[in-house]
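Here is the structure we will look at.
Residue numbers (this note's numbering), protein chains in the order written: chain Y, 1 to 156; chain F, 157 to 472; chain S, 473 to 1130; chain E, 1131 to 1248.
Dropping the structure here:
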């Protein structure tokens, strides 16, 4: 009944949940900077929420260290569908300066399908904004897929 | 015929639909004005609508340890009780259902959504939920004292020496001797009531129970999908109910002859009240700790309400 | 035949108490006799309703046919007017429910032999206390109640501290009854009669120092019995350790003896309630009891001790409302007394069920029982919501009446003290809600402990009384106007005009010779709360909401049950590969439905019992240190409080009542 | 009304209350209860005293002659009888409970027997 509105609102109000997989906090500060007055992510409806159950977009920063790997997987599993994963900074993509260290457990791609990867050692807030908006668009697509799948089940 | 009229009242006009729309309007304006105060553009006014329908579209996960019936019922009870309260509050002379509830009954009906949130948080089985409901209950205990003092002051002012608890009679009294807020002895009670509204609704300085940073949304931690949408909606509806109650009690004397203009003027005052007491307080202050919140309400705000109660008892 | 029912209902209980003693160890036979006795008594009292409550007739029954001669009452008389019948009926229903409950609760215990004897003695004595028309007979019945209650508490072998609780209760109650006996002696010196009707004819006009002292002493006796402020610690101790079916009676019925005594004493016998000094005193005692009871309850760790402190605080409500001397005030007080017996009894039966199945009543070591004991959880929720006064339940109606009565009194007399009482009552009601949220979370919701995995639901014989009581809680909450008109209004009118009471007992025209005039209590109209309209509106919106979710649910993706997988929900075999084909394989399903622990493995972590309401306790820690110091638990301290209260009451009488 | 009876009975009641409040030994506390009861019993008995009255015993002949024989009031004596019986039962039960306390707690000192507090 409200499918068009639900599809549109998946794009218009994506909520973020930030997971720090062992990052040096450089990217964390940038992610928070996105919601400040200058860049104002709230214009597009982005809001940082406290619990993975409320989240649509999961922002992961930092090379996946040994300690944070299980916690990362567990929290990601607890986010309801449809969800997107955005990796901020180059650490999740390649381990950056920490590559080859005993404490690093490979790129984020090993554990989760990263929808949008924002590269850069502390990428600029504009880049993060662009990445988040791209993730919101993917969210809308995923939402559309679920609806088709749900209709498919009822249809058949 | 009566059933149809009641059905219309409860579902459309002052009941569910009206409260939902006004709640969304107030919440949208609230976020927009706060953004404007921080010199940023801020979300569109329809943002609460988008939030609601996005959450409805999401998957609803029920934790394994949750007590299923209470977990599912809590958001319903909260939404339903809020939409029923709105019927008893007079909108400038037009009271949907008169003779069902007076001041004390409204006071208790407003605790039902709080209890529904508590039952929901506690039945979700999460430790964050436990800490959240403990803070929510202490918040309820703290704002109850000034709330009661303000209501009793209004009842005494409108009553003289005969007991007047009915909201419509208070409205009639205000029509004869001018709105309650214009009497100087009632100004402290109005101020106390204004300070109680953000705690009852749970916005920024007093949202110790749903603190995102510390206990990840407290009782709402485990909720996702449609129940979470209904809980967020009931918070917005609380904004509408509380500001409507304030307007009815302290600005009840305005009559413009037609119901339509009455309703529009009523909404304007409600928006004004919300902007004053929820938005500005939210933009200016940071979140309190729970014992400071308790001390704030039992010391400063209740003294404010007590002043006006004493003044009214001395015949002012 | 109706004429003999008052005495028969008491005698049936006493007779079957000793019959059970003869029967000895056969359990089935004992249960049957106990059940028959209580049912017979209930039926007999119920037969009195049409004549006493509806027609307003006062039944008088003289033991041994010794009718009063030339205006002097010689024999012991039983007098049943609607006030005493209301309390007697309330009592016998509580005993009936507790008797059925104790069939299941007492099954395993070994010292079961004397339980039913003492139980029926308790029942007979309390029904006799309500129906008797002779003040010394009242004293005897109160002694029997104390004896059997102490014996039942001491016989509870589960609790090591049962003996201590019983001893303190015995000491405190015997102080109270000795003072009452002294009061009766002084009364006899002055009026040379023990019959209540004749006393209430002689006393109201003529007050001299002996009758004032007698009033103070008898009032102390009843205050001890109804656990008013300085006498409550010993009552709470006894209450915590008694077996649950007895705690239900202790809190439901034994407290009401004190309430009935105070109402009978101040409204009818001495007719002293219309002086404002007595009104302020009774309301003050009620308010202080109300406040201290609930603040102590918030800081408790034991389930039944918390409930006991709540009984004390609810009794504070009843006495505060009774002290107002307006028809609405007494109406609210009696209605709250009826409600209190219902919801407090229900809460105690739930506590008994929890103790029966888990073995412990410590709030810090319980949790998550709602999954194993769903029916008990539902009954507890109904009881908790009605004691904290949420609208559709009965607690709300009586508390709402109390606020209305107290604030109306404040308006009429312009006395600011009653505004303070109203505000305290409202704040205490929120604190009651707080402590029951605490119990609800730490016992029923939250996470289940390992050792309680195999907890089973209690046997149906225990669930029946709980079910009946929760139904009654809801019934008196919704249909409160009909219930009020039949039962409570007639009791209030009989309390206010004592001419019928005196004439009913001593023959017509007796009160005219003493020029008795009934009390005027103001009008009894309370409106603005119409539960049917509110409930029908509530159900309309509820149906609409359920309808909307069903429609919305179909299109947006329905709730996934835990364990049910996303693919099986939508049969999207191929879709899940490309569209989601990532974390799902690695993340196992129950991780998804585990509680969010910010990443950690969801192991047992239940924040319950004393961890809750830190903010509130932190702010009041100095108050709590003093208060918990006062409740020291030693017999001597309790006796010191009792002596202080007795002397204060006596001094109060002389200063204000001269 | 003999004033002496009153003074003694009030003294006994106050003495009983004093022992209740100050004595730590539970057996003494029970004795205190007994003393209060004796005080009250004395009060009740002296309530029915009439100056120069004889025992309320008469035979039918005297009653027929309706002589102005002056009786002492029999009702308080009946009350005292019952009250003494009750006092005895209270003491018996209290002492048996103190024995059980000694068995369970190992002490009869009131300061140790206070596990139910706070």
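All C-beta atoms in this analysis are idealised placements derived from N, C-alpha and C, irrespective of residue type, glycine included.
The model shown is predicted, which means the values in this text are computed figures rather than measured ones.
Suppose contacts are defined by Cβ-Cβ distances below 8 Å. Is residue i in contact with residue j by that definition?
| i | j | result |
| --- | --- | --- |
| residue 51 (chain Y) | residue 209 (chain F) | no |
| residue 53 (chain Y) | residue 217 (chain F) | yes |
| residue 567 (chain S) | residue 603 (chain S) | no |
| residue 236 (chain F) | residue 1013 (chain S) | yes |
| residue 117 (chain Y) | residue 87 (chain Y) | yes |
| residue 780 (chain S) | residue 907 (chain S) | no |
| residue 791 (chain S) | residue 757 (chain S) | yes |
| residue 55 (chain Y) | residue 17 (chain Y) | yes |
| residue 1252 (chain E) | residue 1241 (chain E) | Beyond the ends of chain E as shown, which are 1131 and 1248, falls residue 1252 (chain E); an answer cannot be given. |
| residue 119 (chain Y) | residue 14 (chain Y) | no |
Out of the options, state which residue places its alpha-carbon closest to the alpha-carbon of residue i.
| i | options | result |
| --- | --- | --- |
| residue 357 (chain F) | F:406, F:407, F:266, F:372 | F:266 |
| residue 436 (chain F) | F:192, F:178, F:219, F:169 | F:192 |
| residue 49 (chain Y) | Y:40, Y:43, Y:59 | Y:59 |
| residue 816 (chain S) | S:861, S:797, S:526 | S:861 |
| residue 845 (chain S) | S:873, S:926, S:782, S:805 | S:926 |
| residue 344 (chain F) | F:366, F:326, F:315, F:309 | F:309 |
| residue 111 (chain Y) | Y:138, Y:122, Y:21, Y:31 | Y:21 |
| residue 767 (chain S) | S:896, S:917, S:1114 | S:896 |
| residue 181 (chain F) | F:415, F:200, F:196 | F:200 |
| residue 465 (chain F) | F:416, F:315, F:255 | F:315 |
| residue 760 (chain S) | S:1078, S:1127, S:1099 | S:1099 |
| residue 744 (chain S) | S:592, S:808, S:1074, S:676 | S:676 |
| residue 937 (chain S) | S:811, S:820, S:494 | S:820 |
Can you find a CB in chain S that lies within less than 8 Å of the CB of residue i?
| i | result |
| --- | --- |
| residue 1246 (chain E) | yes |
| residue 274 (chain F) | yes |
| residue 1177 (chain E) | yes |
| residue 16 (chain Y) | no |
| residue 1147 (chain E) | yes |
| residue 9 (chain Y) | no |
| residue 1132 (chain E) | no |
| residue 1209 (chain E) | yes |
Determine the extent of the alpha helix (DSSP H) in which residue i is found, giving its start and end residues.
| i | result |
| --- | --- |
| residue 893 (chain S) | 888-911 |
| residue 17 (chain Y) | Not the alpha helix (DSSP H): residue 17 (chain Y) falls in the beta strand (DSSP E), residues 15-20. |
| residue 1123 (chain S) | 1107-1128 |
| residue 550 (chain S) | That residue, residue 550 (chain S), is in no alpha helix (DSSP H); its beta strand (DSSP E) goes 549-552. |
| residue 512 (chain S) | 499-521 |
| residue 219 (chain F) | Neither: residue 219 (chain F) is in no alpha helix (DSSP H) and is coded neither H nor E. |
| residue 322 (chain F) | Taken as a continuous stretch (DSSP letters only), residue 322 (chain F) belongs to no alpha helix (DSSP H), as it is neither H nor E. |
| residue 163 (chain F) | 158-167 |
Would you say residue i faces chain Y, with C-beta separation under 8 Å as the test?
| i | result |
| --- | --- |
| residue 1049 (chain S) | Summary for residue 1049 (chain S): the model assigns pLDDT 32, below 50, so the residue's position carries little reliability; its value from the coordinates is reported in the next sentence. Chain Y contact via Cβ: absent. |
| residue 341 (chain F) | no |
How far does the beta strand (DSSP E) with residue i in it reach, from first residue to last?
| i | result |
| --- | --- |
| residue 986 (chain S) | Note, residue 986 (chain S): premise wrong, no beta strand (DSSP E); not H, not E. |
| residue 1183 (chain E) | Residue 1183 (chain E) -> no beta strand (DSSP E), and no H or E assigned at all. |
| residue 84 (chain Y) | 84-88 |
| residue 58 (chain Y) | 57-61 |
| residue 532 (chain S) | 531-534 |
| residue 118 (chain Y) | 116-118 |
Quick check on residue i - is its C-beta less than 8 Å from some C-beta in chain F?
| i | result |
| --- | --- |
| residue 6 (chain Y) | yes |
Taking only beta-carbon positions, decide if residue i is within less than 8 Å of chain E.
| i | result |
| --- | --- |
| residue 1166 (chain S) | Nothing can be reported for residue 1166 (chain S), as the shown portion of chain S is limited to 473 through 1130. |
| residue 642 (chain S) | yes |
Item to complete: Could you run through the stretch 230-256 of chain F and flag, in chain order, every residue whose CB is less than 8 Å away from some CB of chain B?
Response: In summary, chain B is missing from the structure at hand, where the protein chains are Y, F, S and E.
Item to complete: Report the residue ranges of all alpha helix (DSSP H) runs contained in full by the stretch 370-428 of chain F; include only those spanning at least 4 residues, in chain order.
Response: 382-406
Worksheet item: Which parts of the stretch 252-316 of chain F are runs of the alpha helix (DSSP H), unbroken and 4 residues or longer, counting only runs that do not cross its ends?
Response: 259-279, 283-315
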